[in-house]
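In our numbering, the protein residues as written are 538 to 762.
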């Protein structure tokens, strides 16, 4: 099933259930000022509020265009009023489109489904490189210094998320939410099993102890040599 990620800066994102239609799944998630906190796989539609708690929607657009995970996202600015000058400023900041809020799940889905033909297929040639680590999404293969890692699907996606957020402590809950493993609920200790398998795979190819435990907090992928 193909997934289209729908990220919203509006807190209602956490309350919106995903929608499935045929072979398509529309997955909702919150977009924070520091970016998404879930794994980004496939096309992205971002809905950015004109006014946010800690920065402006215009600045958020600029940040998204500078984020390699989201530089090809379709960005819609959600305006507070129908103002021609605000529309022009939004487009100059990197937005693709705009609409006047407030928005709800139906409005968002209608807009995304109307755009579906124009937001493209997932970038099958996407390659994420972090030092000696290469995550090749087209091949569903990760390599360390050219050597393939033997990973199961969950461990591959986990490594992909770590590579998107290197040198940052991630809790078990962060990792479960990032991989979309909340329905049905996954026991937090399952993450420890994934981490153990990932660590073994990294050791085998000579990567050493890349995934570090931070006591009482979670795990971090150390990108430095």
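Note that CB positions come from ideal geometry on N, CA and C, so glycine has one too.
query                                                                                                                                                        : result
Which first and last residues belong to the alpha helix (DSSP H) in which residue 561 is found?                                                              : No alpha helix (DSSP H) contains residue 561, which is instead part of the beta strand (DSSP E) from 561-569.
For the pair the region 554-567 and the region 688-700, tell me if three or more CB-CB distances fall below 8 angstroms.                                     : no
What would DSSP say about residue 659, mapped onto helix, strand or coil?                                                                                    : For residue 659, the pLDDT reaches just 42, beneath the cut-off of 50, and the residue's location in the model is therefore unreliable, leaving the point undetermined.
Count the other CB atoms within 10 Å of the CB of residue 657; is the residue buried (16 or more) or exposed (fewer)?                                        : Bear in mind that the predicted position of residue 657 carries a pLDDT of just 48, short of 50, making it too unreliable to give a figure here.
Can you name the residues that DSSP bridges to residue 543?                                                                                                  : 565, 582
In whole angstroms, what separates the C-alpha of residue 669 from that of residue 555?                                                                      : 36 angstroms
Going by DSSP, which residues form a beta bridge with residue 557?                                                                                           : 562
Kindly indicate which residue of 627, 613, 622 has the alpha-carbon position closest to the one of residue 644.                                              : 613
Which partner residues does residue 634 have in the DSSP bridge list?                                                                                        : 613
What first and last residue would you give for the beta strand (DSSP E) that runs through residue 712?                                                       : First-last for residue 712: 709-715, but that is the alpha helix (DSSP H), not the beta strand (DSSP E).
Suppose only complete runs of 3+ residues qualify. What are the beta strand (DSSP E) ranges in the region 672-697, listed by chain order?                    : 678-681
Among 558, 743, 544, 756, which one has its Cα closest to the Cα of residue 650?                                                                             : 558
In this structure, how does DSSP classify residue 735 when only helix, strand and coil are distinguished?                                                    : helix
List the residues that DSSP assigns as beta-bridge partners of residue 576.                                                                                  : None; residue 576 has no bridge partner.
Using the rule of at least 16 other Cβ atoms within 10 Å of the residue's Cβ for burial, across every protein chain shown, is residue 598 buried or exposed? : buried
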